[in-house]
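Worksheet: the structure to be examined is printed underneath.
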Amino acid sequence: MCWPPLPSASIGLEGHTLVTCRQKSSVSFLSRPDRPNLAYNKIKGKNPGVVFLPGLNSDMNGQKALALQDFCKSLGHAFVRFDYTGCGSSDGNLQECTVGKWRKDVLSVLDELTDGPQILVGSSLGGWLMLHAAIARPEKVAALVGVAAAADYLVTTFKQLALEVQKEIEEKGEWKLPTKHNEEGFYCLSYEFIKEAENHCLLSNPIPITCPIKLIHGMKDEDVPWQVSMQIADDVVSTDVDVILRKVGQHRMNEKDDMKLLVYTVDDLIDKLTTLA
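The sequence shown begins at 755 in this note's numbering and counts up by one.
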């Protein structure tokens, strides 16, 4: 799996965890006896807390993560951002990572770094993982915000390829997925990564999530079509679901107005959950 390198995390606040942590370059590390250590950054505060889940080939220092951190800090709410195994400043080999391993990363963060109800904000791949986290930890996940949520999308895209192309990828052992987000012009994924990801597909079946959900998607997204968010909305059991489409929004949704929309959306959910409490 020839993934492009990720930048190292450089911004951090001292975090607190229920298990052993070590410090490195102002980034905290969640130590796990059976898995690689996860780099994270945590702000203590009141509930509901907010946890940011980055996308593919991204880390916890992206613009959306930092904007949400500043917002939560201003309100006095808890906030956590982190890097998946093999990404950013976390330990582990990226070439050995799978969707399943990253799902376990999210659950580790929820279990060890948060207390009380949490709002998960998932960007792209993180939007897929936040759905899995909500299914696995319904007592802890109070609401979801998806930004270009890419549920099942790597698998769906692969299966849309011509059969002979799929066979060629299987024989070569790697798939060069076109992208505009790096100099190479593609993400190189292993065939094994795609096959493992099939075990975590959710769409086209009822998704047992009942909490409030906000799905933000740009209609100019050339990576993950906005129709994916519509399908998520249709498949989840929850009836408290809003899909927000931005006519000129692109995949990363990191323009100034996109950021404002994201912050306002999280703010609305915090108000809603606080009122219900």
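Where is the CB? At the ideal position from N, CA and C, for every residue including glycine.
By the Cβ rule, the region 981 to 996 does not count as touching the region 928 to 943, because fewer than three pairs are nearer than 8 Å. In terms of CA proximity to Pro871, Lys894 leads the group Ala890, Lys894, Leu879 and Val860.
Taking every protein chain shown into account, the CB of Ala902 has 16 or more other CB atoms within 10 angstroms, so this residue is buried.
With contact defined as three or more Cβ pairs closer than 8 Å, the region 795 to 814 and the region 1010 to 1028 are in contact. Between Leu879 and Leu820, the gap from beta carbon to beta carbon reaches 7 Å or more. Using a Cβ distance threshold of 7 Å, Val853 and Ala951 count as a contacting pair. In the DSSP assignment, Ile998 falls outside any alpha helix (DSSP H) and within the unbroken beta strand (DSSP E) covering Val995 to Arg1000. Counted as a single uninterrupted DSSP element, the beta strand (DSSP E) harbouring His831 occupies residues His831 to Phe836.
Take the alpha-carbon of Gly846 and the one of Val863: they are about 16 Å apart.
With contacts defined by Cβ atoms closer than 7 Å, Val781 and Ser844 do not form a contacting pair. With contacts defined as CB atoms closer than 7 Å, His831 and Arg857 fail to qualify as a contacting pair.
If you draw a 10 Å sphere on the C-beta of Gln823, you find 16 or more other C-beta atoms in it, and that means buried. Nearest neighbour of Ile923 by Cα position, chosen from Tyr907, Lys949 and Thr933, turns out to be Lys949.
In the three-state reduction of the DSSP assignment, His971 falls in the strand class, which pools E and B. According to the DSSP secondary-structure assignment, Glu928 is paired through a beta bridge with Ser944. Annotation: the continuous beta strand (DSSP E) that includes Ile797 extends over Arg789 to Ile797. If you look at Ala916, you'll find it isn't in any beta strand (DSSP E); DSSP assigns it neither H nor E. Scanning its chain for C-beta atoms nearer than 6 Å, with the 5 sequence neighbours on each side dropped, one finds around Arg1000 the residues Gly972, in chain order.
Look at Arg857 here: in three-state DSSP terms it is helix.
Per DSSP, reduced to three states, the secondary structure at Leu1030 is helical. Ala904 is a Cβ neighbour of Gly881, given a cutoff of 7 Å. In this structure Ala890 is not in contact with Phe836, their Cβ atoms being roughly 17 Å apart against a cut-off of 8 Å. No Cβ-Cβ contact shorter than 7 Å links Gly900 with Leu957. About 5 Å separates the Cβ atoms of Cys955 and Asp906, confirming a contact at the 8 Å cut-off. Annotated three-state conformation of Ser877 is strand, per DSSP.
From the listed residues His1005, Val997, Ser983 and Thr964, the smallest Cα separation to Glu976 is found for His1005. As DSSP reads the structure, Arg786 sits in a beta bridge with Arg789. Beta-bridge partners assigned by DSSP to Lys800: His831.
The straight-line gap separating the alpha-carbon atoms of Ile797 and Cys841 is approximately 21 Å.
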